[in-house]
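For the sequence shown, numbering that gives the first Met the number 0 assigns the number 0 to the initial residue and increments by one for each residue that follows. Just so you know, even glycine gets a beta-carbon here, dropped at the ideal spot from N, CA and C. In this text, all values refer to a predicted model and were calculated from it rather than measured experimentally.
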Amino acid sequence: MIEMSVALRRRSHVERKALALLRGGTIGLSSGERSPAAAQLRAFADLRRLAEHNGLVVRPVDSPWVGADELRLLAWLAEAQRVAGHRSAPDDPALLIAIARCAGLLEGLRLRLTPLTLYGARLRALDIVSDIFAKRENPVGSTQAVERCPGKPDTCSYISCPE
């Protein structure tokens, strides 16, 4: 299985703060942002616990990387902040409730996840899937996968040539 991860420093400041809360850390405040209360921190701890119970991996606070599961959680939080709500929601109702609660708490802290957060996890997942299929179609060291049939170069390879 391929584990996808991206550098934390490449995520937006709002996503970094949401991840810090999700991972059990604290956040630095910018102008206009509010400090999270103990009850809010507990809500994120509950979300982290439920996510891990459902098999999702939440990295340690000091990790410089963001994993695929954390991107999925961010996307779910961003969806919950939208009027349309959960289109790709998790199956566990308790996890869904925790996500909705934490999405509201993020809004209360004036941390609104952008629409890019919604699509980031999906696009990264598609990149990984396309990379996997590209490696299957063109295995390293295989000349057969690269050579094409002279009669039909776009549709035929020597491996499965019908002619």
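Where does residue i land, buried or exposed, given buried means 16+ other C-beta within 10 angstroms?
{"i": "Phe132", "result": "Since pLDDT at Phe132 reaches only 49, below the 50 mark, its modelled position is unreliable, and no value is offered."}
{"i": "Pro161", "result": "In this predicted model, Pro161 has a pLDDT of only 47, less than 50, meaning its place in the structure is not dependable enough to derive any value."}
{"i": "His12", "result": "exposed"}
{"i": "Thr113", "result": "exposed"}
{"i": "Ala83", "result": "exposed"}
{"i": "Thr25", "result": "exposed"}
{"i": "Pro92", "result": "exposed"}
Starting from residue i, trace the alpha helix (DSSP H) both ways and give me its first and last residue.
{"i": "Val13", "result": "12-22"}
{"i": "Gln39", "result": "37-52"}
{"i": "Arg109", "result": "First-last for Arg109: undefined, no H or E at that position."}
Looking at the structure shown, is residue i part of a helix, part of a strand, or coil, going by DSSP?
{"i": "Ala6", "result": "strand"}
{"i": "Gly66", "result": "strand"}
{"i": "Arg71", "result": "helix"}
{"i": "Leu164", "result": "The requested residue 164 is not part of the displayed model; the chain covers only 0 to 162."}
{"i": "Thr25", "result": "coil"}
{"i": "Pro161", "result": "Here Pro161 scores only 47 on pLDDT, less than 50, and its place in the model should not be relied on; the value that follows carries that caveat. Here Pro161 sits in coil by DSSP."}
{"i": "Pro114", "result": "helix"}
{"i": "Arg100", "result": "helix"}
{"i": "Pro92", "result": "helix"}
{"i": "Ala79", "result": "helix"}
Given a cut-off of 8 angstroms on the beta-carbon distance, is the pair residue i and residue j in contact?
{"i": "Ala102", "j": "Leu76", "result": "yes"}
{"i": "Val65", "j": "Leu108", "result": "no"}
{"i": "Gly23", "j": "Ala44", "result": "yes"}
{"i": "Leu46", "j": "Ala99", "result": "no"}
{"i": "Gln7", "j": "Arg15", "result": "Note that residue 7 is Leu in the sequence shown here, rather than Gln. The answer is yes: Cβ separation under 8 angstroms."}
{"i": "Ala42", "j": "Leu94", "result": "no"}
{"i": "Ala74", "j": "Thr116", "result": "yes"}
{"i": "Leu104", "j": "Gln39", "result": "yes"}
{"i": "Val60", "j": "Asp68", "result": "no"}
Should residue i be listed as close to the ligand ZN, given that the test is whether its C-beta is under 7 angstroms from any heavy atom?
{"i": "Arg22", "result": "In terms of ligand content, the structure shown is empty, and the ligand ZN therefore cannot be addressed."}
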